[in-house]
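In this note's numbering, each residue carries its 1-based index in the sequence shown increased by 143.
Ideal Cβ positions, reconstructed from N, Cα and C, are used throughout, including at glycine.
From a predicted model like this one, the values you see are computed outputs, not experimental measurements.
Working notes, beginning with the structure itself.
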Amino acid sequence: MKLIKAVRGTKDIFGDDGIKFDYITRTAQEFFTNYGYTMIKTPIFEETSLFKRGVGEGTDIVEKEMYTFQDRGERSLTLRPEGTAAVVRCYLENKIYAKEDVSRFFYAGSMFRYERPQAGRQREFNQIGVEVLGESSPILDAEVIAMGFSFLDKIGVSDLEVTINSVGEKESREKYRETLLNFLEPMKEELCDDCRMRMEKNPLRVLDCKVEKCKELTKDAPIITESLSEDEVNHYETVKKYLTIFGVKYKEDPRLVRGLDYYSSTVFEIVTNKLGSQGTVLAGGRYDNLLKQLGDKDIPAFGFAAGVERVMMLLGDDFPKRELDVYVAWLGEDTKDFAFKVANDLRVDGKSVVIDYNAKAMKGHMKKADKAGAKNVIIIGEEEMAKGVVVVKDFINRTQEEVTVDSLKNILK
Ligand code: ATP
Ligand code: MG
């Protein structure tokens, strides 16, 4: 019989990878909670028009990467390619702006994009992201960038570079668009097909092209920073000042434009040189126009998303392995019920416990305990059971003592 395999561009996560994935998402949850963020969960599919309007018609995502389908009720739905549009949809739909000045959300979940699969690029992948709505201060921009950086540092990813830029507001972008188009026009025929299309729909995105030839051709393109207004320059300067206050080293990259249409003002990426052209680990920026576009509201916002699979690749084997408090070794059929009761009580008390279902000799138990990485082994033999005691063997210090069942919990503390 032919085995059915996982679909191209998707990946199972299990074993050590499961532990690693869990470690990353759990740490994110704790870390962002300390900054005042709360969990938000939005549906995995939405009306297609949300992404068309939110992410933007000229983007790679909408143009060629969306998983769009008709459901049985003939609605056009799309598996979410990113998290921001849905968070904004939820925020507007539930009028959260009327309940609080500033909202801080974090999310974790899979995203879907029809891309060419390679290391660090999948068709279903996981993101951890944050969104802050209702605050226009440039201090927020710096704070969120610093939070993203500190989070990656905390989980143990090193050698990262923070790159930042300002893409200005609509007016400056319009101005820049003209300047850039004038520069691109003479080389139009040499650019890739995608870039020629981008020139028509969103010329800024030509600067985000990953094709070497396009990068080379546009390396002397005029930069957006020269088209910024005084207010935009001031905003950008304050972001940089606070990044310095927060101790975050950054590099300015005037070509950084990001792949999604909704960005304005500050944009940033945290990149590594270890993953080839999949080097962006965490990225985001300000999106003050998106709430206007989706709900006619003048509400400023800032956010980022990190690719969990890329973080996992960078962590390698360097993450905390699961610890086991106790392995319960029972010797002889008569001790079985008692041993399972002891194991159950310890688990209820919050200890991690492994116990085997089959009878084993001492040697077999020790092998298993070792393999499971147990810190302690509790040995339950017939003689001990009759006395109401067990032997606790400290696997790390190689000591052992006989204790009463009642005092077990205290000993294991
Ligand atoms: P890239 O330039 O690498 O295509 P992007 O600009 O499309 O990334 P965003 O939409 O900003 O990426 O998503 C934020 C993060 O999600 C990225 O920095 C990356 O870590 C991760 N990511 C994006 N697309 C994929 C993918 N297809 N597979 C795995 N991770 C991804
Ligand atoms: Mg992309």
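On the criterion of 16 or more Cβ atoms from any shown chain inside 10 Å, does residue i qualify as buried, or is it exposed?
i, result
"LYS536", "buried"
"PRO365", "exposed"
"SER315", "buried"
"ASP203", "buried"
"GLU190", "exposed"
"GLY272", "buried"
"GLN270", "buried"
"SER309", "buried"
"GLY197", "buried"
"GLN265", "buried"
"LYS163", "buried"
"ASN325", "exposed"
"PRO186", "exposed"
"ARG218", "exposed"
"SER407", "buried"
"SER192", "exposed"
"ASN501", "exposed"
"PHE175", "buried"
"THR547", "exposed"
"LEU425", "buried"
"PRO281", "buried"
"ASP431", "buried"
"MET254", "buried"
Which residues mark the beginning and the end of the beta strand (DSSP E) in which residue i is found?
i, result
"GLY263", "Taken as a continuous stretch (DSSP letters only), GLY263 belongs to no beta strand (DSSP E), as it is neither H nor E."
"ASN519", "517-523"
"ILE498", "496-498"
List the residues that DSSP assigns as beta-bridge partners of residue i.
i, result
"MET182", "PHE249"
"THR423", "VAL414"
"ASN308", "VAL410"
"PHE188", "LEU222"
"LEU467", "ALA517"
"GLU343", "In the DSSP output, where bridge partners are listed per residue, GLU343 has none listed."
"TYR393", "VAL305"
"VAL273", "PHE249, PHE447"
"LYS536", "VAL520, GLN543"
"PHE212", "LEU220"
"MET254", "PHE268"
"ALA229", "Looking at the DSSP assignment, ALA229 forms no beta bridge with any residue, so it has no partner."
"ALA472", "ILE522"
"GLY428", "VAL410, GLY446"
Examine the ligand COA and report whether any of its heavy atoms sits within less than 7 Å of the Cβ of residue i.
i, result
"VAL424", "This structure lacks the ligand COA; its bound ligands are the ligand ATP and the ligand MG."
I think residue i touches residue j, with their Cβ atoms under 8 Å apart; what is that distance to the nearest whole Å?
i, j, result
"LEU371", "THR361", "The Cβ separation is near 20 Å, so there is no contact."
"ILE523", "ALA472", "7 Å"
"THR306", "LEU399", "6 Å"
"PRO260", "ARG151", "6 Å"
"ILE413", "LEU303", "5 Å"
"PHE249", "MET182", "6 Å"
"LEU570", "ASP468", "Given a span of 144 to 556 for the chain in the structure shown, any question on residue 570 remains unanswerable."
Can residue i be considered in contact with the ligand MG, in the sense that its beta carbon sits closer than 7 Å to one or more heavy atoms?
i, result
"ASP203", "yes"
Is residue i near the ligand ATP, judged by its Cβ being under 7 Å from some heavy atom?
i, result
"ARG259", "no"
"GLY419", "no"
"LEU403", "yes"
"GLY197", "no"
"ARG264", "yes"
"PHE462", "no"
"GLU225", "yes"
"PHE248", "no"
"PHE268", "yes"
"ALA448", "yes"
"GLU452", "yes"
"ARG169", "no"
"ARG429", "no"
"ARG256", "yes"
Could you spell out where the alpha helix (DSSP H) holding residue i opens and where it closes?
i, result
"THR168", "159-177"
"GLY291", "281-298"
"GLU243", "Element bounds for GLU243: n/a, residue is neither H nor E."
"LYS313", "313-327"
"GLY201", "No alpha helix (DSSP H) holds GLY201; DSSP gives it neither H nor E."
"LEU551", "551-555"
"VAL491", "479-491"
"GLU380", "373-388"
"CYS357", "355-360"
"LYS440", "Per DSSP, LYS440 belongs to no alpha helix (DSSP H) and is neither H nor E."
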